[in-house]
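Asker:
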Amino acid sequence: MDIKTIATTPYDDQRPGTSGLRKKTRVFLEKPNYLENFVQSTFDSLEGFKGKTLVVGGDGRYGNKRAIQTIVRMAAANGFGRVLVGKYGLLSTPAASCVIRKYQAFGGFILSASHNPAGIDEDFGIKYNATNGGPAPEKITEAIYQHSQRIERYLTCEAEDIHLEKVGSTQIGDTEVVVINPISDYAELMQKLFDFDAIRALFQSGFRMCFDGMHAITGPYAKAILEKELGAPQGTVINHMPRPDFGGGHPDPNLTYAEKLVKIMFGPKPPEFGAASDGDGDRNMILGQHFFVTPSDSLAVLAANATRVPGYKDGLAGVARSMPTSAAVDQVAKALGITCYETPTGWKFFGNLMDAGKITLCGEESFGTGSDHVREKDGLWAVLFWLNILAVRKMSVEAIVQEHWQKYGRNIYTRHDFEGVDKARAEDMMQNLRNRMHTLPDRAVGTLRIAYSDDFSYTDPVDGSKATGQGIRIQFNDGSRIVFRLSGTGTEGATLRVYIERYEADSTKHQTETQTALKDLIAFAHSIAEIEKYTGRSKPTVIT
Ligand code: VG1
Ligand code: CO
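Here it is in structure tokens:
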């Protein structure tokens, strides 16, 4: 193989965010070597991969295939022994994690900007996952960024494009490039965790569901598993064809963007169960008939019911949630006598806890739930977990959640997003809050009193690494909370996220509508942070 050394110069904006490097698609297309710089900086940050296996695939968005061909050539030139590529260049994020672990790969690249819209005028992204199948921890992402600041060359080679349409193997010099069918690897893993016979019987009994693939990566996986394997009727999976622009939609499974599904589930005679996944297949939304399960509650319900499911029948080692996620799962952990860890936002913080055997289940309020079966959050896994519980318990989604609230109390919860606001002003707002944090304790807000306020920081209990500046918390004496954070996944301006939570033990008050139940806290959040003054917005763009 003729290795070519190509001269290049650094870009100053290649620091990965909450989940990889995300930019406008045109940045990747039009800035010379933008992708190559990031990929080479990653290789230059790693040691010991010569002759080893790299996994590459993406969510199928615009630019996916071209990026894969570039990475395959660079991997060969940099000395990987084998490159595994998903058929058609497709790999959902959880399937990539599954494949890295199953084939004991050194690591992998996932090409995705997840729930961000796709297309030439929308977003593209790339993320490196390590040997454990999980997102690279901060010490690696920081090293990648440091390398990207002094990069002078990248390595590639002359080679024909790989035929992504056919499973099989080719050579580039000493490097074997194998196109694999990741759906079968993923389906095999799911079969080990869940009682497929019970779920099959549930569908046979006339139970109906609707799964919205949102024209993104999960469609083919959901078709294969739900319809073919488990016998759900054809048509159960809607919007199942992955498209390079996700059908022009915003592949974020929430009440605002999963429109078609929401209409069905809140319309006349809905099926018993509704679910959706995002661009890269790691998120999930769970719905019952006219009923929405918050992701925080969903995690708590899965934890409380885990031993009813074969893969978790021996119980949970521990659980974890990201800091802004509601404390619903904390209540379950307390009852089970297991530890609940509180981590910063982003899946990369769960990996060490899972590798060390400290947790089995974990999740985030942002529609992410997962377990130690892989090292990513996993949309379809969460759906199958729910199906397994529904099959065993023979109750409706709503009845299961209502019963859960009765037993553990309800953590009434909402997130308000202010999207596309001015970045400098949003940062000023956060700084202003930070400056005044220490004056808040003991202040009365209605009948509540502020217990403390801080900027969340985290010390990893496994390797002692520290993450600071992870979100401003205002904690009240009764367990209520308000959290302010700026998003780390956007590509334009800034997004302010405000998370509001209140614990309600009294079951006669569990039916109150969420926004009404949280109205006083929401008003206080607006006034204390001066949201309108800094963002020009009096109302959020998205409420989840
Ligand atoms: C958001 C979510 C976070 C999630 C991240 C990646 O990050 O809040 O919980 O881990 O997206 O999810 P941020 O920084 O924008 O709040 V995905 O499905 O986009 O990979
Ligand atoms: Co995602």
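Each step along the sequence shown adds one to the number in our numbering, with nothing skipped, and position 458 is 839. Just so you know, even glycine gets a beta-carbon here, dropped at the ideal spot from N, CA and C. In this text, all values refer to a predicted model and were calculated from it rather than measured experimentally.
1. Ignore the nearest five residues each way along the sequence and tell me which others in C743's own chain have a CB closer than 7 Å to its CB.
2. Would you report the Cα separation of A906 and K920, rounded to the nearest angstrom?
3. Check whether the Cβ atoms of G616 and P676 lie closer than 8 Å to each other.
4. Please classify P705 as buried or exposed, where buried requires at least 16 other C-beta atoms within 10 Å of its C-beta.
5. Specify the secondary structure class of S752 as computed by DSSP and reduced to three states.
6. Counting C-beta neighbours from all protein chains within 10 Å, is the total for G718 16 or more, i.e. buried, or is it exposed?
7. For a quick check, are the C-beta atoms of I384 and Y443 less than 8 Å apart?
8. Is the beta carbon of G727 less than 8 Å from the beta carbon of G662?
9. In the structure shown, what three-state DSSP assignment does H496 receive?
10. With DSSP run on the structure shown, which of helix, strand or coil describes H785?
11. Output the boundary residues of the alpha helix (DSSP H) element that contains I903.
12. Is the CB-CB distance between G470 and I449 below 8 Å?
13. At the level of alpha carbons, what is the spacing between F627 and A597?
14. Comparing the CB of D836 with every heavy atom of the ligand VG1, is any distance shorter than 7 Å?
15. Give me, in chain order, the residues of the same chain whose beta-carbon lies closer than 6 Å to that of G869; leave out the 5 immediate sequence neighbours on both sides.
16. For P691, which residues of its own chain have a beta-carbon under 6 Å away from its beta-carbon, when the five flanking residues on both sides are left out?
17. Output the boundary residues of the alpha helix (DSSP H) element that contains Y526.
18. If I follow the unbroken alpha helix (DSSP H) through M735, where does it start and stop?
19. Kindly provide the ranges of any beta strand (DSSP E) runs that are 3 or more residues long and lie completely inside the segment 423 to 487, ordered along the chain.
20. Is H496 close to the ligand CO? I mean its beta-carbon at under 7 Å from any heavy atom of the ligand.
21. Do you know offhand how far Q851's Cα is from C721's?
22. For G515, report the span of its alpha helix (DSSP H) as first-last.
23. Suppose the cutoff is 8 Å on Cβ atoms and the five residues either side in sequence are ignored; what does the same chain contact list for T434 look like?
24. Please report the straight-line C-alpha distance between E784 and E746, rounded to a whole angstrom.
25. Return the CA-CA distance between I853 and T876, expressed in angstroms with no decimal places.
26. Would G506 be called buried (16 or more neighbouring beta carbons within 10 Å of its own) or exposed?
27. Closer than 6 Å by C-beta to S422: which residues in its own chain qualify, once you throw out the five before and the five after it? Chain order, please.
28. Determine the burial state of P614: buried for a count of at least 16 other Cβ atoms within 10 Å of its Cβ, exposed for fewer.
29. Taking the CB atoms as reference points, tell me whether N686 and I770 lie closer together than 8 Å.
30. For the putative contact between E885 and G790, defined by C-beta atoms under 8 Å, what is the C-beta separation to the nearest angstrom?
31. Let me make sure I understand the geometry here. Which of G845, K900, Y880 and R866 has the alpha-carbon closest to that of P518?
32. Go through its chain and collect everything with a Cβ distance to Y392's Cβ below 8 Å, but skip five positions before and after it.
33. Report the rounded CA-to-CA distance for S493 versus E608, giving the unit in angstroms.
34. Which whole runs of the alpha helix (DSSP H) in the segment 820 to 899 are 4 residues long or more, in chain order?
35. Buried or exposed for G467, please, with buried defined as at least 16 other CB atoms from any protein chain shown within 10 angstroms of its CB.
36. Among residues of its own chain, excluding the 5 on either side of T637, which ones have a beta-carbon nearer than 7 Å to its beta-carbon?
Answerer: Looking at the coordinates:
1. Counting only Cβ-Cβ distances below 7 Å, and skipping sequence neighbours, we find V700, A701, R702, F731 and G751.
2. Straight through space, the alpha carbons of K920 and A906 are spaced by roughly 12 Å.
3. Not in contact: G616 and P676 (Cβ atoms no closer than 8 Å).
4. With 16 or more other Cβ atoms within 10 Å, it is buried.
5. If DSSP states are grouped into helix, strand and coil, S752 belongs with the strands.
6. Exposed: under 16 other Cβ atoms inside 10 Å.
7. No, they are not a contact pair.
8. The answer is no: Cβ separation not under 8 Å.
9. H496: coil per DSSP, three-state reduction.
10. Shown here, H785 sits in a helix according to DSSP, grouped into three states.
11. According to the DSSP assignment, I903 belongs to the alpha helix (DSSP H) that extends over K900 to A910.
12. Contact flag set, yes.
13. Between F627 and A597, the C-alpha separation is close to 5 Å.
14. No, since every heavy atom of the ligand VG1 falls outside the 7 Å radius drawn around the Cβ of D836.
15. The residues are G398 and T399.
16. D576.
17. In the DSSP assignment, Y526 falls within the unbroken alpha helix (DSSP H) covering E519 to S529.
18. In the DSSP assignment, M735 falls within the alpha helix (DSSP H) that extends over G732 to D736.
19. Segments of the beta strand (DSSP E) lying fully in the segment 423 to 487: 434 to 439 and 463 to 471.
20. It does: the Cβ of H496 is within 7 Å (strictly closer) of some heavy atom of the ligand CO.
21. A straight line joining the alpha-carbon of Q851 with that of C721 spans about 18 Å.
22. If you look at G515, you'll find it isn't in any alpha helix (DSSP H); DSSP assigns it neither H nor E.
23. Here the set comprises F461, G462, R463, V464, L465, Y484, Q485, A486 and F487.
24. C-alpha separation (whole angstroms): 21 Å.
25. The straight-line gap separating the alpha-carbon atoms of I853 and T876 is approximately 15 Å.
26. Buried, by the Cβ-count rule.
27. Here the set comprises I525, H528, S529 and I532.
28. Around the beta carbon of P614, fewer than 16 other beta carbons sit within 10 angstroms, so the residue counts as exposed.
29. Taking 8 Å as the Cβ cut-off, N686 and I770 qualify as a contacting pair.
30. Confirmed, about 6 Å.
31. Closest option to P518, Cα to Cα, is G845.
32. Excluding positions up to five away in sequence, the list reads K412, Y415, N418 and S529.
33. C-alpha separation (whole angstroms): 26 Å.
34. Counting only runs of 4 or more, we get 895 to 898.
35. Buried: at least 16 other Cβ atoms inside 10 Å.
36. If we look at T637 and ignore the five residues flanking it on each side, its Cβ neighbours are V923.
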